[in-house]
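Notes to accompany the following structure.
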Amino acid sequence: MSGIELQPPAASGDAETSPAWPRLDARQAAMLAEMGINCWWQELLAPEPAARPSAGAAPARSATATTPAVARVPQQEARAAQPAAARPVTIPPVAAPTVATQSPMRPASAALPSHQPAVPQASPPAVATPAASAPVTRAPARAVIPLAVAPAEVPADQSALVEAIRACSACELGSRRRHAVPGMGDPAPDWLVVGEAPGEEEDRQGLPFVGRAGQLLDRMLAAMGLDRQHKVYIANVIKCRPPHNRNPDPVEIAQCEPWLLRQIELLQPRFVLALGRFAAHTLLAHSTRPGAEALAKLPLGKLRGQVHEIEIAGRRLPLVVSYHPAYLLRSPGEKAKSWADLCLALDAFGRLPPRG
Numbered sequence: 008m009s010g011i012e013l014q015p016p017a018a019s020g021d022a023e024t025s026p027a028w029p030r031l032d033a034r035q036a037a038m039l040a041e042m043g044i045n046c047w048w049q050e051l052l053a054p055e056p057a058a059r060p061s062a063g064a065a066p067a068r069s070a071t072a073t074t075p076a077v078a079r080v081p082q083q084e085a086r087a088a089q090p091a092a093a094r095p096v097t098i099p100p101v102a103a104p105t106v107a108t109q110s111p112m113r114p115a116s117a118a119l120p121s122h123q124p125a126v127p128q129a130s131p132p133a134v135a136t137p138a139a140s141a142p143v144t145r146a147p148a149r150a151v152i153p154l155a156v157a158p159a160e161v162p163a164d165q166s167a168l169v170e171a172i173r174a175c176s177a178c179e180l181g182s183r184r185r186h187a188v189p190g191m192g193d194p195a196p197d198w199l200v201v202g203e204a205p206g207e208e209e210d211r212q213g214l215p216f217v218g219r220a221g222q223l224l225d226r227m228l229a230a231m232g233l234d235r236q237h238k239v240y241i242a243n244v245i246k247c248r249p250p251h252n253r254n255p256d257p258v259e260i261a262q263c264e265p266w267l268l269r270q271i272e273l274l275q276p277r278f279v280l281a282l283g284r285f286a287a288h289t290l291l292a293h294s295t296r297p298g299a300e301a302l303a304k305l306p307l308g309k310l311r312g313q314v315h316e317i318e319i320a321g322r323r324l325p326l327v328v329s330y331h332p333a334y335l336l337r338s339p340g341e342k343a344k345s346w347a348d349l350c351l352a353l354d355a356f357g358r359l360p361p362r363g
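Those letters in the sequence shown? Residues 8 to 363, per my numbering, in order.
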């Protein structure tokens, strides 16, 4: 802080004289007070009226004769003439502060004169510290919240199921979505295409696969002689968009999986096409193959190229795994493998018996 005048130091050899304290004007003192700094040395530097001579003054002067430094300071002569009850306590020398905004530490034994009320200093905020012996507790693992409607209570009607999905708020995704995305397509399909989760465009429209990945899926279906309105139903494992299109976490998959299983039960498709790792792992957990739980640990590349069999609600269904269209947009070199998977699915579908 500029403008602070320092009192000239006492002459050399006066070890007992007052130190060079910063002399503040009224504006500087007010600013320091607003910052919580107590300028307690100001009153020591303030001039005091000379004490009137009294009978008790002479003994006081003679009493200070043994302290030459005090006798040389006019202000302290006047204080020595005061009665002992009103006499301020002499403050020992303290080094002058080097930074204007830093308050010098006041000695614990020093006190303000009786005629000057003490200015309370701002105390630092209390910080709660745990006891040293308190045990460290860890946050419990995130629990799976039950579905708003238990799967056994979901209506057996497809339109009622769609409305139940749109009203679902079982996990945090339900509070962040614009629209839930139950699915779309033929209500009695031969093919069920299962993706992973809605994206931004799907969240805006409430329909599955309507962005760039959806356009690629439409071309893939057209190459198979199919379209999403006839004999095909399209759905996702997750019915609400994860924030920033991140991967769905296990809790969210566990919340939405009963909806997908009930959709499969009501739609009764003849063939399932799982696009993407999360769709493949979710559905292959219901594989009829021994050790099905190990399939969820395999990468998608080791799951494709073969016809799996799953069992949902007592019905066995063939399933083929392939890459998600969004992945193919990022890795167009994998499109040949995806086409091989679609041809494998067509060949397996052609060997199925007619719908009974």
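We put the CB at the ideal spot given by N, CA and C, even for glycine.
- Where Y334 is concerned, the enclosing alpha helix (DSSP H) starts and stops at P332 to R337.
- Comparing alpha carbon positions, the residue from P265, R184, V279 and P257 closest to G202 is V279.
- In this structure D354 does not touch R277 by the C-beta definition: roughly 14 Å separates them, more than the 8 Å allowed.
- Among the bridge pairs identified by DSSP, H315 is matched with L326.
- With fewer than 16 other Cβ atoms inside 10 Å of its own Cβ, T295 counts as exposed.
- G308 has its alpha-carbon roughly 24 Å from the corresponding atom of V258.
- Assigned with DSSP and collapsed to three states, F356 falls in helix.
- A contact is defined here as three or more CB-CB pairs under 8 Å, and the stretch 332 to 346 meets this definition with respect to the stretch 220 to 237.
- Counting only the Cα atoms, R185 lies some 6 Å from R211.
- Annotation: Q262 to L291 spans about 17 Å, alpha carbon to alpha carbon.
- Less than 8 Å separates the beta-carbon of A187 from that of C175.
- DSSP, read as helix, strand or coil, puts D193 in coil.
- Contact annotation: I319 and I241 have beta-carbon atoms that are not nearer than 8 Å.
- Rounded to whole angstroms, G283 and M191 show a C-alpha spacing of 19 Å.
- The alpha carbon of E50 has as its nearest neighbour, out of Q236, A36, E41 and P249, the alpha carbon of A36.
- Burial state of S182 is exposed, judged by a 10 Å Cβ sphere holding fewer than 16 other Cβ atoms.
- If the five residues before and after R362 are omitted, its C-beta is found closer than 8 Å to the C-beta atoms of D197 and R277, all from its own chain and listed in chain order.
- Within the stretch 231 to 287, the runs of beta strand (DSSP E) at least 3 residues long that lie entirely inside it are, in chain order, 239 to 243 and 278 to 282.
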